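Numbering (full-length UniProt numbering), first residue to last: 1 to 91. Cβ atoms here follow ideal geometry from the backbone N, Cα and C, with glycine treated the same way. Computed from a predicted structure; not experimentally measured. Worksheet for the structure shown next.
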């Protein structure tokens with residue numbers, strides 16, 4: 001197996017994991033009624049703790065900084081939908 005094939009195999013599994021987690025997180029909200037802020041806080045804490053355990057503090061901090069830089073200026077889904085909504089009625 002080439003290095004590229006290993007990367008592609010890992011990427012395929014990572015996508016499957018992300019899909020599974022997305023489904024489970026949505027179920028916590030829609031089926032169990034857990035508020036989004038609580039779900040997100042719990043998920044964030046668990047992911048950062050797992051990253052720290054497996055990668056170490058410095059690597060986790062750098063990964064979080066890179067992620068923060070990529071998303072810093074993105075609006076929330078609610079803000080984006082409001083910004084792109086067609087005006088209703090007349091002024």
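Which of helix, strand or coil DSSP assigns to residue i
| i | result |
| --- | --- |
| residue 86 | coil |
| residue 2 | coil |
Pairwise C-alpha distance: residue j and residue i
| i | j | result |
| --- | --- | --- |
| residue 89 | residue 81 | 18 Å |
| residue 47 | residue 83 | 31 Å |
| residue 1 | residue 10 | 12 Å |
| residue 18 | residue 87 | 36 Å |
heavy atom of the ligand ZN below 7 Å from residue i C-beta
| i | result |
| --- | --- |
| residue 61 | The ligand ZN is not part of the structure shown, which contains no ligands of any sort. |
Contact under 8 Å by Cβ, residue i with residue j
| i | j | result |
| --- | --- | --- |
| residue 51 | residue 69 | no |
| residue 15 | residue 25 | no |
Close beta carbons around residue i, own chain, < 8 Å, minus the five adjacent residues each side
| i | result |
| --- | --- |
| residue 75 | 83 |
Quiz item: Taking the runs of the alpha helix (DSSP H) that are 4 residues or longer, which of them lie wholly in the segment 29-84?
Solution: 36-55, 57-71, 77-84, all fully within the segment 29-84.
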